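Asks:
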Amino acid sequence: MARASARHILVSSEAKCQELKSEIEGGRDFAEVAREHSTCPSGKQGGDLGSFGPGQMVREFDDVVFSGELNQVHGPVKTQFGYHLLEITDRS
119 MARASARHIL VSSEAKCQEL KSEIEGGRDF AEVAREHSTC PSGKQGGDLG
169 SFGPGQMVRE FDDVVFSGEL NQVHGPVKTQ FGYHLLEITD RS
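Just so you know, we're using our numbering here: the sequence shown kicks off at 119 and counts up by one.
See below:
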């Protein structure tokens, strides 16, 4: 069964999500940005979601995490929780 590890940042607006993505692409550390801005409890751990399989996260996550490029910042990804930036750190 496929497994992936990822980090994410959750914010309430697409504009904020784009702003943070630009900061990360400009050289800021993903985990640091997550600790400062993510409204998800995982933000305290730099956005780390650990390892999970298909179907354990919302569909929008699965669509990105199990098809996107590793170590790239993906998003904004809209879910019922808000807007996310995702970084896939491992997949097998």
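The C-beta atom is built at its ideal place from N, Cα and C for all residues, glycine as well.
Source: prediction; values computed, not measured.
1. Decide if residue 125 is buried, meaning its Cβ has at least 16 other Cβ atoms within 10 Å, or exposed.
2. What would DSSP say about residue 124, mapped onto helix, strand or coil?
3. State yes or no: is the C-beta of residue 259 within less than 8 Å of the C-beta of residue 182?
4. Just the Cα atoms here: how many angstroms apart are residue 144 and residue 157?
5. Assuming contact is defined by CB atoms lying nearer than 8 Å, are residue 219 and residue 194 in contact in what I supplied?
6. Any idea what DSSP makes of residue 146, helix, strand or coil?
7. Check residue 159 in the structure and name its three-state DSSP category.
8. I need the DSSP call for residue 182, collapsed to helix, strand or coil.
9. Three-state secondary structure (DSSP) at residue 129?
Replies: With the given structure in hand:
1. As a working mapping, residue 125 is identified with position 7 in the sequence shown. Taking all protein chains shown into account, residue 125 has 16 or more neighbouring C-beta atoms within 10 Å of its C-beta and is therefore buried.
2. Taking the sequence shown and counting its residues from 1, one reaches residue 124 at position 6. The answer is strand: DSSP assigns residue 124 an E or B state.
3. Nothing can be reported for residue 259: it is not among the residues displayed for the chain, which extend from 119 to 210.
4. Position 26 of the sequence shown holds residue 144. Position 39 of the sequence shown holds residue 157. Cα-Cα distance, rounded: 22 Å.
5. The question about residue 219 has no answer, for the chain in this structure spans 119 to 210.
6. Indexing the sequence shown from 1 puts residue 146 at position 28. In the three-state DSSP reduction, residue 146 falls in the coil class, being neither helix nor strand.
7. Along the sequence shown, one-based indexing puts residue 159 at 41. It is helical.
8. Locating residue 182 in the sequence shown gives position 64, counting from the first residue. In the structure shown, residue 182 sits in a helix (DSSP, three-state: H, G or I).
9. Reading the sequence shown from its first residue, position 11 is the one you call residue 129. Secondary structure of residue 129 (DSSP, three-state): strand.
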